[in-house]
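In the working numbering, the protein residues as written are 48 to 311.
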């Protein structure tokens, strides 16, 4: 049996380095996931989030969805992330937003969450589970930390076609062992004791967003990126955009999806 790949904090820090974080914010504000604020609202509404609910953002990045859920929906949010660098950015921005009383952050893995059983009303994630080698374990951990009747709501990159050589290259660059399929995630949810409330294919949104991001990098923000961060940084982000266009727009072997499950 093939060994399940393990993604380390060091690998993720190598990808999400300081220059990458700054360039992402320059071009895309603080939303790293596809669909930005609109996607948060759509997922939050399908999840039925309400004021006072305790929500875990699993793989929270620099924390914009966590802050958004606290600010707009009145949730108490804990952001979990494997990389201390991202959490430093998240804490600073949360303090600047005056949301320290509603949003907290913990260092840790969503493969082994540092929380007691039944700690949360909802578990939330956007475009983070793709970094996990053992997605079954991630879903099981989400089930463990949820209260009975709690909601798991997430959005993620998906494989929607064959695993091409370009897709393998994308996996290596973006530190993603593999992309799950929509039905594969649905099966993992059911196996972990969830009833599946929503399965939505968001591939067209992912294609659109990647095309827009690539255009911003090559045209709108090219000179500023070169001036602030230099040729190497620009070439790296441009290379990521190009391989993203290959797998999402040209080969159409990757896309995205939105899922909501209830713990029974």
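Ideal Cβ positions, reconstructed from N, Cα and C, are used throughout, including at glycine.
> What are the partner residues of residue 159, as DSSP defines its beta bridges?
Replying inline: Paired residues: 156.
> Should residue 260 go down as buried or exposed, given a rule of 16 or more other Cβ atoms within 10 Å for buried?
Replying inline: buried
>> Buried or exposed for residue 294, going by 16 or more other Cβ atoms inside 10 Å?
In response: If you draw a 10 Å sphere on the C-beta of residue 294, you find 16 or more other C-beta atoms in it, and that means buried.
> Any idea which residues DSSP pairs residue 227 with across the strands?
Replying inline: 205
> Taking C-alpha atoms, which residue in 264, 245, 298 lies nearest to residue 73?
Replying inline: 264
>> So, does the region 163–180 touch the region 135–148, judging by three or more C-beta pairs under 8 angstroms?
In response: The region 163–180 vs the region 135–148: no contact.
> In chain order, which beta strand (DSSP E) runs of at least 3 residues are fully inside the region 107–169?
Replying inline: 123–128, 150–154
>> Taking the straight line between their C-alpha atoms, what separation do you get for residue 121 and residue 211?
In response: Straight-line spacing of the CA atoms in residue 121 and residue 211 works out to 43 angstroms.
> Can you tell me the Cα-Cα spacing of residue 127 and residue 266, whole angstroms?
Replying inline: 35 angstroms
>> Please classify residue 53 as buried or exposed, where buried requires at least 16 neighbouring CB atoms within 10 angstroms.
In response: In the assembly as shown, residue 53 is an exposed residue. Its beta-carbon has fewer than 16 other beta-carbons within 10 Å.
>> If contacts are defined as beta-carbon pairs under 8 angstroms, then residue 116 and residue 102 qualify, I think. What distance do you get, rounded to the angstrom?
In response: 6 angstroms
>> Using a 10 Å radius around the Cβ and a threshold of 16 neighbouring Cβ atoms, would you call residue 310 buried or exposed?
In response: buried
>> Using a 10 Å radius around the Cβ and a threshold of 16 neighbouring Cβ atoms, would you call residue 161 buried or exposed?
In response: By the neighbour-count definition (other C-beta atoms within 10 Å, threshold 16), residue 161 is an exposed residue.
>> Going by C-alpha to C-alpha distance, which of 205, 87, 257, 153 sits closest to residue 177?
In response: 205
> Using the beta-carbon count (16 or more within 10 Å), is residue 119 buried or exposed?
Replying inline: Taking all protein chains in view, the Cβ of residue 119 is surrounded by fewer than 16 other Cβ atoms within 10 Å, so the residue is classified as exposed.
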